[in-house]
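J.: Have a look at the structure that comes next, please.
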Amino acid sequence: MSFRGKWALVTGASSGIGEQFARQLAKQGSHLVLVARSEGKLENLASVLTKMYGIKAKVICMDLSKEGAPSELYQQCQCFKVDIELLVNNAGFATHGFFEQVSGERQHEEVMLNVAAVVDMTHLFLPDMLRKNSGAVINVASTAGFQPLPYMAVYGATKAFVLSFTQALWWENRSRGIQFFALCPGSTDTSFFNVVGTEEASVGKKDAPERVVEVALRALKEGRTYVVPGVQNYIRAQLSRFITRKQALRLVGGMLRPRVDSGNNKYKNTGNQSDLAGRTIR
C-alpha cells in the first residue's frame, strides 16, 4: 500500500520506535496524528516533519492507559475531520521483578495500555476503514510474545495477546481490504531499559529503531502477517518450537531473574522501580 496523502495515527510517537514510525511515514508522504503523553516532544516532532516533508500533522497529548482514553482520542480525530487509514498501536511499557513485589496498580496500567487500549483503538477505527475497503493496522508486539517471561510475566502475556489478536484479525479481514500486521522486535536501542536493575531484561545486541521500522514497513507492503527483525531475534522467537516449555522457562527465567544484591546476597526487589521508562515505549 502507498502511504502518500493518507492519514496515519501513531501512538507512543514521542520517542523510540513510535518516533521512527512517524519519521519514516512522513518521509513517504503520510499525514500524521501523533499521540503520547509528552506534548512538548510531540509538538517539536510535528514541527520538524511538517517543515521537512510538507505533510500535515496533528498532536494529541493523552495517556491511553486511562479508562475511556481511546474513545476520547477517536472523537478528537473526528473533530479534526481526518480519516485514519493506517493505525499504529505502538505505545506500551513493561514491569520487571517478582510478580507479587511489583505494584499491582502499575501492572493494571500495563494491561490497560498494552492490551485494552490496542483492542479499543482497533475496534473504534476499523469500521471507518471497512467502509472505504482500505486501511492497515500495525500492532507492535515483541519477541516476548512467543514464550512466557518469568519476572516479566505480565509484559510477556500482554505481547502474546497482541500477536494472537493481530493474526486472528488478519484472517478475518484478509478479503476485506484491510491489512493487519504484527511487529515483533527484540531488544531495541530505545529508552526501554534505562532504569537501574532492568538491563538484564535485554537479550543480545540491541537493534536500531530506524532499522526495526524499515523492516516493518517493508514487510507490511509485502503482505506479511508479522515480522521479527534480525536473524538472531527470529531464532530466539522460534526456539520454543524445538524445546520443551519447561526448558524454555528455565532458559528465559535464568536470563531475566533480578540481579543478586551483593550486600545481603538476596535478589533485589525491583518491582517498585522498574517501570522500564514509561508508557510511550514499546
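With the first letter of the sequence shown counted as 1, position 103 gets the number 700 in the numbering used here; the numbers rise by one all the way through.
For glycine and all other residues, C-beta sits at the position ideal for the given N, C-alpha and C.
#1: Would you report the Cα separation of GLY637 and ILE614, rounded to the nearest angstrom?
#2: May I ask you to report which of helix, strand or coil DSSP gives ALA691?
#3: Determine the closest residue to ASP660 out of SER635, LYS843, SER784 and PHE677, with distance taken between C-alpha atoms.
#4: Exposed or buried, which one is PRO667 when buried takes at least 16 other CB atoms within 10 Å?
#5: Check this for me: beta carbons of TYR748 and LEU853, under 7 Å apart or not?
#6: Can PHE758 and VAL685 be called in contact, C-beta distance under 7 Å?
#7: Thinking just about the alpha-carbon of each residue, which of GLY820, LYS818, GLN829 and THR785 is nearest to the one in VAL809?
#8: By how many angstroms is the C-alpha of PRO826 removed from the C-alpha of LYS803?
#9: DSSP on ASP725, reduced to helix/strand/coil?
#10: DSSP on VAL825, reduced to helix/strand/coil?
#11: Mark LYS648 as exposed unless 16 or more other C-beta atoms lie within 10 angstroms of its C-beta, in which case mark it buried.
#12: DSSP three-state call for VAL679: helix, strand or coil?
T.: On the basis of the data shown:
#1: 18 Å
#2: coil
#3: SER635
#4: buried
#5: yes
#6: no
#7: THR785
#8: 11 Å
#9: helix
#10: coil
#11: exposed
#12: coil
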